[in-house]
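Below is one structure, written out as structure tokens, with a few remarks after it.
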Amino acid sequence: MGIIEKIKEIEAEMARTQKNKATEYHLGQLKAKIAKLRTQLLEPPKGSSGGGEGFEVTKFGHGRVALIGFPSVGKSTLLTMLTGTHSEAASYEFTTLTCIPGIIHYNDTKIQLLDLPGIIEGASEGKGRGRQVIAVAKSSDIVLMVLDASKSEGHRQILTKELEAVGLRLNKRPPQIYFKKKKTGGISFNSTLPLTHVDEKLCYQILHEYKIHNAEILFREDATVDDLIDVIEGNRKYMKCVYVYNKIDVIGIDDVDRLARQPNSVVISCNLKLNLDRLLARMWDEMGLVRVYTKPQGQQPDFGDPVVLSADRGGCTVEDFCNHIHRSLVKDVKYVLVWGISARHYPQHCGLSHNLRDEDVVQIVKKKEKEEGGRGRFKSHSNAPARISDREKKAPLKT
Ligand SMILES: Nc1nc2c(ncn2[C@@H]2O[C@H](COP(=O)(O)OP(=O)(O)OP(=O)(O)O)[C@@H](O)[C@H]2O)c(=O)[nH]1
Ligand SMILES: [Mg+2]
1 MGIIEKIKEI EAEMARTQKN KATEYHLGQL KAKIAKLRTQ LLEPPKGSSG
51 GGEGFEVTKF GHGRVALIGF PSVGKSTLLT MLTGTHSEAA SYEFTTLTCI
101 PGIIHYNDTK IQLLDLPGII EGASEGKGRG RQVIAVAKSS DIVLMVLDAS
151 KSEGHRQILT KELEAVGLRL NKRPPQIYFK KKKTGGISFN STLPLTHVDE
201 KLCYQILHEY KIHNAEILFR EDATVDDLID VIEGNRKYMK CVYVYNKIDV
251 IGIDDVDRLA RQPNSVVISC NLKLNLDRLL ARMWDEMGLV RVYTKPQGQQ
301 PDFGDPVVLS ADRGGCTVED FCNHIHRSLV KDVKYVLVWG ISARHYPQHC
351 GLSHNLRDED VVQIVKKKEK EEGGRGRFKS HSNAPARISD REKKAPLKT
């Protein structure tokens, strides 16, 4: 029996089983069995390099965004609109057959947008080109789930389920469960608060299913069985997702209003070019990129070409910033001067561990170099870049 049939069989058994206190342990075990099988399904077949032809696109720019959706919802039209790169769009399904990259220039950063073939129910089990598409989605920083506003709202759930089946968790944070395998000592089970979904026995059973007999486990929140399985599997990817409802030109205003009020959603129309700027702004916010401008000593900051950092990719500290410029820089840095949201006063003297925020300006002071203007802390105040002070008027600094 193939893995997919095994999964189907267990799913059928779960559907047959009534949910109550007595079957709780059995259901938990079945869930763990499915999770294990799904992980097996994801492992590339022996002897292949994984991935699929035409799908490997080189990473480019400061971040990567994947367009995921059913066929004919307007993904290719959206890529053409936002990037100017032509991607064939047509009224029949499965127009796009490979991954087509485009570049969005936004806020001095370059973002790679990927148009992908439409996926359908069953994609996680390999239907259509689902597996390859989902692999690309996993390699990106955020997902834009494109939905047809005029079609069933169930599509959003179906796609979310497909992505969950392969270990993607959309708009969720990792469960607050500490888990560590040990060599000896049995299982130590603890929680910092009363648990309503999982008890010690269920936890033991699930660990047993994974053949784990020595481990330390600490629940820091009232997590579910699924959360526990996610932590044990350890290969889940937590991603931001923006739900993009396209084609609002063909539905009534009441429906548009309702869709727009759903969490993490943006409504657009490619045909009428409606709300595309809002979509870009939303996408950019979700990516959490941090632009840092360098200021050479005694000169105006270079506002043309920021160093772009990201908390998810590499971190946002002064040290990360220095490493971005040159690997050998860190050891020469005495301290840095920072202007911007992250600074308590302008300029603030900061060390390598200081966390930078978007649109900060940084001047590096090297070990043998003298600080600008001697006792620069006070004198260089007048050098504070105009752009920062403008913004500060709008959003006064909290200290
Ligand atoms: N009414 C309306 N139609 C749109 C809109 N955007 C795209 N379309 C139409 O939707 C159809 C499908 O568009 P595509 O861009 O090819 O869709 P896709 O998601 O790339 O489809 P696949 O590549 O097959 O997965 C085309 O006929 C487009 O003209 C819109 O905002 N409003
Ligand atoms: Mg397409």
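The sequence shown begins at 1 in full-length UniProt numbering and counts up one residue at a time.
We put the beta carbon where it would ideally sit given N, CA and C, even for glycine.
Quick caveat: nothing in here was measured; it's all calculated off a predicted structure.
DSSP state of residue i, grouped into three classes?
{"i": "CYS270", "result": "coil"}
{"i": "HIS26", "result": "helix"}
{"i": "LEU114", "result": "strand"}
{"i": "CYS241", "result": "strand"}
{"i": "GLY376", "result": "Because GLY376 sits at a pLDDT of 44, beneath the cut-off of 50, its placement in the model cannot be relied upon, and the following sentence gives the value as read from the coordinates. Three-state DSSP puts GLY376 in a helix."}
{"i": "GLU93", "result": "coil"}
{"i": "TYR210", "result": "coil"}
{"i": "LYS394", "result": "Low per-residue confidence applies at LYS394: pLDDT is 45, beneath 50, and the placement is therefore not dependable, though the value from the model is reported in the following sentence. DSSP places LYS394 in helix when its eight states are reduced to three."}
{"i": "ARG16", "result": "helix"}
{"i": "SER76", "result": "helix"}
{"i": "GLU221", "result": "coil"}
{"i": "VAL198", "result": "coil"}
{"i": "HIS381", "result": "Reliability fails at HIS381, whose pLDDT of 45 lies under 50, so the model's placement of it is uncertain and the value that follows must be treated cautiously. Looking at HIS381 - three-state DSSP - the assignment turns out to be helix."}
{"i": "ILE248", "result": "helix"}
{"i": "GLY54", "result": "Any reading at GLY54 is ruled out, since the residue's pLDDT is 49, under 50, leaving its predicted position unreliable."}
{"i": "GLU9", "result": "helix"}
{"i": "LEU41", "result": "helix"}
{"i": "ILE216", "result": "The sequence as given places Glu at residue 216; Ile does not occur at that position. Strand."}
{"i": "LEU67", "result": "strand"}
{"i": "LYS172", "result": "coil"}
{"i": "LYS180", "result": "strand"}
{"i": "ILE4", "result": "helix"}
Assuming residue i contacts residue j (C-beta within less than 8 Å), just tell me the rounded distance between them.
{"i": "LEU289", "j": "VAL318", "result": "Rounded, the Cβ-Cβ distance is 17 Å, inconsistent with contact."}
{"i": "ASP148", "j": "LYS59", "result": "With a Cβ gap of about 29 Å, ASP148 and LYS59 do not count as contacting."}
{"i": "PHE166", "j": "ILE134", "result": "Before going further, note that residue 166 is Val rather than Phe in the sequence given. That pair is a contact at about 5 Å."}
{"i": "SER76", "j": "THR95", "result": "6 Å"}
{"i": "LEU82", "j": "CYS99", "result": "That belief does not hold up - the Cβ atoms of LEU82 and CYS99 are roughly 16 Å apart, past 8 Å."}
{"i": "LYS138", "j": "LYS237", "result": "6 Å"}
{"i": "LEU272", "j": "ASP249", "result": "5 Å"}
{"i": "TYR25", "j": "LYS201", "result": "7 Å"}
Less than 9 Å separating the beta-carbons of residue i and residue j?
{"i": "TYR210", "j": "ILE187", "result": "no"}
{"i": "HIS197", "j": "ALA223", "result": "yes"}
{"i": "LEU37", "j": "VAL225", "result": "no"}
{"i": "LEU116", "j": "CYS270", "result": "no"}
{"i": "LEU144", "j": "THR160", "result": "no"}
{"i": "ILE10", "j": "LEU41", "result": "no"}
{"i": "VAL336", "j": "GLN363", "result": "yes"}
{"i": "ILE158", "j": "GLN29", "result": "no"}
{"i": "PRO306", "j": "ASP141", "result": "no"}
{"i": "ILE229", "j": "ALA32", "result": "yes"}
{"i": "GLY63", "j": "GLY84", "result": "no"}
{"i": "ASP320", "j": "LEU309", "result": "yes"}
{"i": "ASP332", "j": "ALA343", "result": "no"}
{"i": "LEU168", "j": "MET239", "result": "yes"}
{"i": "GLU286", "j": "VAL242", "result": "yes"}
{"i": "GLN176", "j": "GLU221", "result": "yes"}
{"i": "GLY118", "j": "GLU88", "result": "no"}
{"i": "GLY314", "j": "HIS326", "result": "no"}
{"i": "TRP339", "j": "LYS295", "result": "yes"}
{"i": "ILE212", "j": "ASN190", "result": "no"}
{"i": "GLY74", "j": "VAL136", "result": "no"}
{"i": "VAL57", "j": "MET283", "result": "no"}
{"i": "PHE55", "j": "GLN132", "result": "yes"}
{"i": "ARG278", "j": "VAL266", "result": "yes"}
{"i": "THR39", "j": "ASN235", "result": "yes"}
Does the Cβ of residue i lie closer than 8 Å to at least one heavy atom of ligand 2?
{"i": "SER191", "result": "no"}
{"i": "SER87", "result": "yes"}
{"i": "LYS75", "result": "yes"}
{"i": "THR83", "result": "no"}
{"i": "THR294", "result": "no"}
{"i": "residue 402", "result": "The question about residue 402 has no answer here: the residues shown for the chain are numbered 1 through 399."}
{"i": "THR96", "result": "yes"}
Indicate, with yes or no, if ligand 1 has a heavy atom lying under 8 Å from the CB of residue i.
{"i": "SER328", "result": "no"}
{"i": "GLU93", "result": "yes"}
{"i": "ASP255", "result": "no"}
{"i": "LEU78", "result": "yes"}
{"i": "ASN20", "result": "no"}
{"i": "VAL146", "result": "yes"}
{"i": "GLN271", "result": "For clarity, residue 271 is Asn in the given sequence; the question names Gln instead. Within the cutoff, so yes."}
{"i": "ALA123", "result": "no"}
{"i": "VAL250", "result": "yes"}
{"i": "ASN246", "result": "yes"}
Is residue i near ligand 3, judged by its Cβ being under 8 Å from some heavy atom?
{"i": "PHE70", "result": "Questions concerning ligand 3 fall outside what the structure shown contains, since the ligands it does hold are ligand 1 and ligand 2."}
Handout entry: Residue ranges of each beta strand (DSSP E) within the UniProt domain "TGS" (288 to 366), 3 or longer
Key = 289 to 294, 307 to 310, 333 to 339, 348 to 350, 360 to 366
Exercise for the section: Could you pull out every unbroken alpha helix (DSSP H) segment of at least 4 residues lying fully inside the stretch 97 to 161, listed in chain order? Expected result: 130 to 138
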